[in-house]
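Undergrad: Mind having a look at this structure? Questions to follow.
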Amino acid sequence: MICVRRARPGDAAAIGAVHVATWRNVYAGVLPEEYLAGLSPMRHAVGYERAIADRRHGHAMFVAVASGADAPPGRPGGEGGTIVGFVSGGRGRRPGLCGEAPAGSGEVETLYLLDDYRDRGLGRRLMRAMAAHLAAVGCRSVVLWVLRDNPTRWFYQRLGGRAAARETIQFAGRQVEQTAFLWDPIDVLLTATATAPER
Ligand SMILES: CC(C)(COP(=O)(O)OP(=O)(O)OC[C@H]1O[C@@H](n2cnc3c(N)ncnc32)[C@H](O)[C@@H]1OP(=O)(O)O)[C@@H](O)C(=O)NCCC(=O)NCCS
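If you're matching positions, the sequence shown starts at 20 in our numbering and goes up one per residue.
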């Protein structure tokens, strides 16, 4: 069984481990090798511990937890299961792409799933949890920034996101281009994720 639930303080270490494993995979060849090799699950766990506790600006994190026959081999994860993915977000951190105040626009900040748990409908379920939360805290649209070379950006198009802006940022010592996907109104995302079956 795989369930999606709100993240708890004790989840930070597992979230840090998922972050590092997915970044090394997805961003190989996109970000510098030394940067990826130097990623530390423990350091990220500290950041995620703060993120889980942070309830300002409508911030929230949700995790996908696998247990029983769905748990990773050799890691049944005990009674609580094993964290295999997560999503985080909150009210926008900068003025919305539609010109509204930041608070009117929600932002999905992270979304990562371990390799073996992709293509089973979990990304959609995590996006659903975040979209429902953002709608509940008053967001009327949702934005998500993704690196241009991220191979999974098509996923967001599949969920009805529209490429609405582009910018170049300095990251890990490299100039990288990122694209903003926009769901405006937020109902576009709520509808696209309404049926989020487990495959
Ligand atoms: C991107 C990610 C979250 C998608 O989650 P997922 O569980 O694999 O996707 P789902 O199974 O929920 O798929 C939802 C829909 O998107 C489609 N889809 C998923 N990945 C796709 C891709 N790479 N290209 C095209 N369509 C894709 C699926 O076919 C499905 O559509 P359908 O149900 O209408 O057939 C996941 O693959 C992941 O974590 N990737 C690595 C980390 C990453 O890059 N995160 C994004 C950083 S911004």
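Beta carbons: idealized from backbone N, C-alpha and C, even for Gly.
Alpha carbon to alpha carbon, what distance is there between residue 79 and residue 202?
TA: As a working mapping, residue 202 is identified with position 183 in the sequence shown. As a working mapping, residue 79 is identified with position 60 in the sequence shown. So the two alpha carbons sit approximately 19 Å from each other.
Undergrad: Assuming contact is defined by CB atoms lying nearer than 7 Å, are residue 31 and residue 68 in contact in what I supplied?
TA: In the sequence shown, residue 31 corresponds to position 12, counting from 1. In the sequence shown, residue 68 corresponds to position 49, counting from 1. It is a contact, given that the beta carbons lie within the stated cut-off.
Undergrad: Does the beta-carbon of residue 126 have 16 or more other beta-carbons within 10 angstroms, so that it is buried, or is it exposed?
TA: Here the question's residue 126 lines up with position 107 in the sequence shown. So residue 126 ends up on the buried side.
Undergrad: Taking the Cβ atom as the reference point for each residue, do residue 84 and residue 105 lie within a distance shorter than 7 Å?
TA: Reading the sequence shown from its first residue, position 65 is the one you call residue 84. Reading the sequence shown from its first residue, position 86 is the one you call residue 105. Going by C-beta atoms, residue 84 is not nearer than 7 Å to residue 105.
Undergrad: Restricting to runs no shorter than 3 residues, where is the beta strand (DSSP E) found entirely within the region 154 to 197?
TA: If we require 3 residues or more, the beta strand (DSSP E) runs fully inside the region 154 to 197 come out as 160 to 166 and 181 to 190.
Undergrad: What residue range does the beta strand (DSSP E) around residue 130 cover?
TA: For the purposes of this step, residue 130 is identified with residue 111 of the sequence shown, where counting begins at 1. Element bounds for residue 130: 124 to 132.
Undergrad: Locate the alpha helix (DSSP H) running through residue 71, then write down its first and last residues.
TA: Your numbering for residue 71 matches position 52 in the sequence shown. Where residue 71 is concerned, the enclosing alpha helix (DSSP H) stretches over 60 to 72.
Undergrad: I'd like the span of the beta strand (DSSP E) that includes residue 205, first residue to last.
TA: Sequence index remark: in the sequence shown, residue 205 carries index 186 (1-based). Taken as a continuous stretch (DSSP letters only), residue 205 belongs to no beta strand (DSSP E), as it is neither H nor E.
Undergrad: Between the Cα of residue 190 and the Cα atoms of 76, 152 and 167, which residue gives the shortest distance?
TA: For the purposes of this step, residue 190 is taken as residue 171 along the sequence shown, with counting starting at 1. Here the closest residue by C-alpha is 167.
Undergrad: Nearer than 6 Å: is that true of the beta carbon of residue 140 relative to any heavy atom of ligand 1?
TA: Walking along the sequence shown from the start, residue 140 turns up at place 121. Result yes, Cβ under 6 Å from ligand 1.
Undergrad: Would you mind stating whether residue 108 and residue 128 have Cβ atoms separated by less than 7 Å?
TA: Position 89 of the sequence shown, counting from 1, holds the residue named residue 108. Position 109 of the sequence shown, counting from 1, holds the residue named residue 128. Cβ atoms of residue 108 and residue 128: closer than 7 Å.
Undergrad: When we look at the beta-carbon of residue 89 and count the other beta-carbons within 10 Å, is it buried (16 or more) or exposed?
TA: Here residue 89 corresponds to residue number 70 of the sequence shown, with the count starting at 1. Under this definition residue 89 is a buried residue.
Undergrad: List the endpoints of the continuous alpha helix (DSSP H) containing residue 41.
TA: Residue mapping note: residue 41 aligns to position 22 of the sequence shown, counting from 1. Note, residue 41: alpha helix (DSSP H), 31 to 45.
Undergrad: Considering only their Cβ atoms, is the gap separating residue 144 from residue 23 smaller than 7 Å?
TA: One-based indexing of the sequence shown puts residue 23 at position 4. One-based indexing of the sequence shown puts residue 144 at position 125. Yes, Cβ-Cβ distance for residue 23 and residue 144 is below 7 Å.
Undergrad: Between residue 200 and residue 185, which are expected to be in contact by the criterion C-beta below 8 Å, what is the C-beta distance as a whole number of angstroms?
TA: Locating residue 200 in the sequence shown gives position 181, counting from the first residue. Locating residue 185 in the sequence shown gives position 166, counting from the first residue. 11 Å between Cβ atoms; not a contact.
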